[in-house]
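Taken in sequence, the protein lines are chains A and B.
Numbered per this note's numbering, the first sequence spans residues 1390 to 1569.
Numbered per this note's numbering, the second sequence spans residues 8 to 1009.
Comments concern the structure below.
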Amino acid sequence: MKGIVFTEYLDFVEDNFGYDLVDRLITSCDLPSGGSYTSIGSYEFSELVQLLTKTSELTGKDSDYILQKFGWHLFGVFTKAYPQFFTAAKSSFDILSTLDDKIHPEVLKLYPDAELPRFEIEKMEENVLVMIYRSSRKMSDFAEGLIEASMSHFNEKGTVRTKQLDQNGEVVRFTINKTS
Amino acid sequence: MEKSSDSPSIKLLKDKINQLERRIERERKARKNAEKILESKSLQLYSSNQTLELVNKQLENQLERNKQFIQAINDFSGYLVGKSNLQEIASIITEKLISKYDLEDCTIYKVADGYCYQISAFGSKGNDLNEKIKVGDGIVGNVAKTGLAEILSDTSTYNPYITKHRDDIRLSELAVPIKFEESVIGIIETGHSQRDFFNRNHLKTITTISSLISVIFKNSLTEQINLNLESRIEKRTEITNSLIHNLHSGLLLNDEYGKIVLINDAFRKTFKFNIPNSEIFGKDQRESANLVKHLFKNPQGFIDIVDHCRKHNENVSKYELEMVDGTILDCDFIPIYSKDEFVGQMWQVTDVTSSRAYQKKVQASEEKYRGIIENMELGLLEVDLEHRILKAYEWFCRMTGYDEKELIGKDARKVFFLDKYMKFMDQQDALRLKGEQSIYEVQMRKKNGELIWVLISGAPFYDQNGKIAGTIGIHYNIDSRKKLEEDLKLSKLQTERAREAEKQFLANMSHEIRNPLNAIIGITNLLYDTKPTNEQLNHLNKIKYSSDILLGLISGVLDISKIESGTLELTEKEINISEVVNGLIQIAGFNTRDKNIKYENKLISSDEFKAMADPTAINQIFLNLLNNATKFTEEGAITIDGKVIGSSRGYTNFEFRVSDTGIGIAPEKLDSIFDIFQQVDNETKLKYGGTGLGLNIVKRLVSMYGGEVRAESKVNEGTTIIFNLKLKGGARLKPIEKSVHYEFKETGSILVVEDNEINQYYLSGILNKWNIRHDIANNGFEALTMLEKNKYNLILMDIRMPGMDGYETTLRLRSMIQNPNCAIPIIALTASALIDEREKAMQAGMNYHLTKPYTEDDLGDALSKFRIIKKIESVETNDFQFSPELDFGNLGNYYQDNIERAYKMFQVFNRVIDEDFQKIKKSIQEENWDEVSSIAHKIKPNFAMVGLFDLSKMMEYYEKSKINIEIRSEITLNFPKLESDFNAGKLIIQRELTKMDKFMEK
């Protein structure tokens, strides 16, 4: 998994809970990398799972919730780091509906070894977008955070409903309704 | 540790410091990590940059070269603008090329007539316009030959061409072809003092220049060619002349005046001219002909054809002339016109001796083969696709009595075949068109009208293009064979008839013998009563024994021959088999009273064994079996048993067993005991006597009743004969209703003489019912008065009447000779059946006698005896009986007793079958076998459902025509028969429908 996810996760934890928690996470988890992450490196996905679980344990917050919030956080990072993806877009749907076709191929150009989820568009109307999330990482909550953040980015209001379509959470349907 | 001494705030601080240290350490590690990653990334970047630079440089070089090339081409184009003179252009190019590339030399050649001629040369090599290089020689010649540019990089180490310039200072050479429409018309050749000087760029530039100038080059060359045209025509003429001279056929040309203007070598050779051409040319062609006519077998014929051709001036081709030396010439004569003007004639003679010889050989071999066939007495006939006779061979002509000349061009079908074969012949034609051959037997008509049977093997023959052109038929006269076959049939028939006659004779003879034999037996019996002496008794016994045996034998022969000749007709009467057996047992018991045999009839004397059958035949069966059993049984029991084992449609199948406790029969002899004149063995015959016919008669009679007979036996234990009879009626015999009615003949009337009013009334009733006109007289007096007045046809006369009784009245009438009623029949009506009363009536002159109380039928019978009325009797059962022409057994099974259902089925069949049948007929004509098969499949059960089982079977056969090609022609051939069967079947069905209709009305 790309290092940026890890550095940004620790930043996200530090932002929300202070470096104390970051320190405790690193010292109490058994991390092969030792917790010294650089955004251009690559690390085991299991380290993120450990960190996430520990965060939930130490803060008493749901890991789903944490992931969702992390999604929000990362969206902010993306807009700053890769503004080229966002300038042309006029709404969140412009971004979300083109993840598979446009954004992810670009990401793969920069990080050929990046493992990305797939987003199939089931239906797209002016105010409704239905898409299927597929990833062996089972991080649909994270995706949900990203979706919400992208709507917020374009000052849009609305609801995001999720429906898990399999037993493991590898396939999830998002139904996004914009109200404004 | 100083844990306890540290204040909480200090501890907090310390923790913070530790934490920070850890953070810094992590950051540092992360940075180092990142640096490492970045370093390897930048190394990758560097190397890919290097590659990119290289690629870039190459691209730049290429660009530069292209630029140079374009520049060069531009320059040369500029030089060439407005120039059209080849020489000038060549000079410019050679010069400019030298200066541009600092070449050693540059030369331009034109290519023509197999050589490369120098046009322009510059440089060290010097200008030598006479230089001429043969195509294929050196680099120039080679490029001219191949049309491919060539570079020699280092002539000091490699030069495949023998060069004239051995002191050549050119180390590199380049030669490029100038092409126009794929042919090489010139070469640009250059040389350079450096090794490896010429690269692809030079090649490209010079090749482009070559294509730029190729059109100019071509045009200037063409001008030159035009200059040469005249000399070329001359040359062409030369060629033509040489061609004519070298031709294998001899040619002679004469002008319009008949003067010879040309003869070729072959012509000279053919006619053995040894005088020079100069002496022949100008001579008259007719004169020359005279000079050579002696060479021909028919000199005058040769002169005639020459004259004919000259005179008529028309195309003659392939006129065959034979020369004295055996040479055969094909002669063509062709008049020559130039723009509609007659300018002369051409004679062409071709020696065809060898090809004729070959043709003759082929012909000979063909004739040989045909000769063989003809020698085998096979007639060959060739016809084209329209049956027109192309060739009729000798034997065929002999067979049919025609001359070949009479037959050629005639329609073989019309000449030889009867109309009935045309359809069949069409089929044969169809086969032939498919390239198939076939063999068939037909009758052919000879010239004298006689019909002969021939076996024809027809096969297609092909024209030279491999297309079927007609049929060749080999005809074999099988008339004698056919006649023989017919003779055979006839003699077989005659034999059969003779056999028939023999049987008849036997039957008659037996009958004739039996009469005197009966007399012998009767008289012998009478002699027994004449108190004979012992010796006489002994003789009588022997006579009796012998005549009994003889009678049995004769009777057996008679029965068998009756059965065999089919003259034994089984009558039908209602009999009770149980009673028949009872009667026989009584006789048998009487005959064997000296033996200890008990006879037992287990057939319960009830209605169960009542059936309709011929009493004599049934009697005979049981009698023979009982006799047989009795003969071989000394003591014990003979048992007759029976039961019903089945019934169908009014017939009952009975099984009977006749068992004895006699000597028995060995198993191996069991099978043959029913054969004619077959007894178990000779010993048996000696001991037990008999004719050996009894069981055979049983077998034959049983089989006439659809039954079978077999025997079961154990030696010394006894024998059981088991047989079955299928008899009409039987246990389930439906009551038979006899309906009788009488029709009165429309002539005259009856006189009833009767005193009793009740009796009058009864008689009147019957007679009225029968529409018989009658008058009634109350007594004899009245009767005589009425007989005076009226004419009657018959009198019904009561006997006992007051006043004048019946006798007296009859006597009086019979004596009135003048009365027209004098002799009319008189039926006496008497109350008693006493014989003497009847006799008295007859004596008084009455003719017949009815005893009171008489029934209607009795009266009817009596009246019909005197033809007063006609008795019509019809017997009907309650069951509907299908016509025996139909498969009524199966019909019974199909419909049980449901006649309504059968009626509906028959109606449907009658309605729809025609259409289907027409369809199948059409399909057969069109040879659409898929359709034939499918219709046959469809209607097969229809026929079965109405009992036309044979037609149904035929449809089953037809159904196979789809896959079985062989049966098709047979189907087509036999279809008329099927059609007539079908029509007959339909009539039966219609009749049956009417019958059912009437039946159901009741």
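C-beta atoms are modelled at their ideal positions from N, C-alpha and C, and glycine is treated no differently.
Local Cβ density within 10 Å of residue i, reported as buried at 16 or more and exposed below that
| i | result |
| --- | --- |
| A:V1411 | buried |
| B:P15 | exposed |
| B:N226 | exposed |
| B:P523 | exposed |
| B:G473 | exposed |
| B:A840 | With a pLDDT of only 48 at B:A840, under 50, the local geometry of the prediction cannot be trusted, and no value is derived from it. |
| B:N271 | buried |
| B:T1001 | exposed |
| B:V722 | exposed |
| A:R1550 | exposed |
| A:T1396 | buried |
| B:F512 | exposed |
| B:Y535 | exposed |
| B:Q366 | exposed |
Option in the options with minimal Cα separation from residue i
| i | options | result |
| --- | --- | --- |
| B:I220 | B:R202, B:S200, B:V191 | B:V191 |
| B:N828 | B:G810, B:I806, B:L801 | B:L801 |
| B:Q593 | B:I582, B:T792, B:N583, B:N608 | B:N608 |
| A:Y1398 | A:V1466, A:G1449, A:A1477, A:G1423 | A:V1466 |
| B:K441 | B:R363, B:A466, B:D418 | B:A466 |
| B:S285 | B:E294, B:F309, B:N297, B:L269 | B:L269 |
| B:K926 | B:E1008, B:S941, B:N917 | B:S941 |
| B:M451 | B:A419, B:I479, B:A476, B:D470 | B:A419 |
| B:T114 | B:Q501, B:I765, B:E180, B:G736 | B:E180 |
| B:N589 | B:I625, B:G563, B:D566 | B:I625 |
| B:M962 | B:G954, B:S987, B:Q51, B:I946 | B:I946 |
| B:G787 | B:L610, B:N206, B:N763 | B:N763 |
| A:D1453 | A:R1507, A:F1531, A:L1518 | A:F1531 |
| A:F1464 | A:E1495, A:E1504, A:Y1522, A:M1540 | A:M1540 |
| B:G386 | B:V461, B:F424, B:Y428, B:I343 | B:V461 |
Check whether residue i and residue j have beta carbons under 8 angstroms apart
| i | j | result |
| --- | --- | --- |
| B:L397 | B:E384 | no |
| B:F356 | B:T277 | For clarity, residue 356 of chain B is Val in the given sequence; the question names Phe instead. Yes. |
| B:L708 | B:V760 | no |
| B:P809 | B:F873 | no |
| B:R293 | B:V323 | no |
| B:I773 | B:L866 | yes |
| B:G596 | B:T668 | no |
| B:I142 | B:Y122 | Checking the displayed sequence, the identity of residue 142 of chain B turns out to be Val instead of Ile. Yes, they are a contact pair. |
| B:I459 | B:I446 | no |
| B:I806 | B:Y814 | yes |
| A:G1534 | A:G1460 | yes |
Contacts around residue i, its chain only, beta-carbon distance under 7 angstroms, and the 5 residues preceding and following it disregarded
| i | result |
| --- | --- |
| B:A156 | V150, A182, V183, P184, L210, T214 |
| B:K967 | I974 |
| B:Y86 | I99, K103 |
| B:L677 | A718, S720 |
| B:A869 | I834, Y855, L857 |
| B:G4 | No statement about residue 4 of chain B is possible, as the shown extent of chain B runs from 8 to 1009 and does not include it. |
Beta-carbon contacts of residue i that lie in its chain and below 6 angstroms, excluding the five residues immediately before and after
| i | result |
| --- | --- |
| B:A738 | Bear in mind that the predicted position of B:A738 carries a pLDDT of just 46, short of 50, making it unreliable; the figure below should be weighed with that in mind. Around B:A738: E615, V651, T659. |
| B:Y168 | G145, I146 |
| B:L740 | With a pLDDT of only 41 at B:L740, under 50, the local geometry of the prediction cannot be trusted, and no value is derived from it. |
| B:R439 | P467, T478 |
Neighbourhood of residue i by C-beta, 8 angstroms cutoff - its chain only, sequence neighbours within 5 removed
| i | result |
| --- | --- |
| A:K1450 | T1444 |
| Residues in the region 18 to 31 of chain B with C-beta within 7 angstroms of chain A's C-beta atoms, listed in sequence order? | Q26, R29, R30
| task | Identify each residue in the region 1412 to 1431 of chain A for which the Cβ-Cβ distance to at least one residue of chain B is less than 8 angstroms, and report them in chain order. | result | D1412, I1415, T1416, G1423, G1424, S1425, Y1426, T1427, S1428, I1429, G1430
| query | Between the region 80 to 104 of chain B and chain A, which residues of the former have a C-beta closer than 8 angstroms to a C-beta of the latter? | reply | none
| query | Given a limit of 7 angstroms on CB to CB distance, which residues of the region 139 to 168 of chain B reach chain A? | reply | none
| task | Mind checking the region 1401 to 1412 of chain A against chain B and listing, in chain order, the residues whose C-beta falls within less than 9 angstroms of any C-beta there? | result | Y1408, D1409, V1411, D1412
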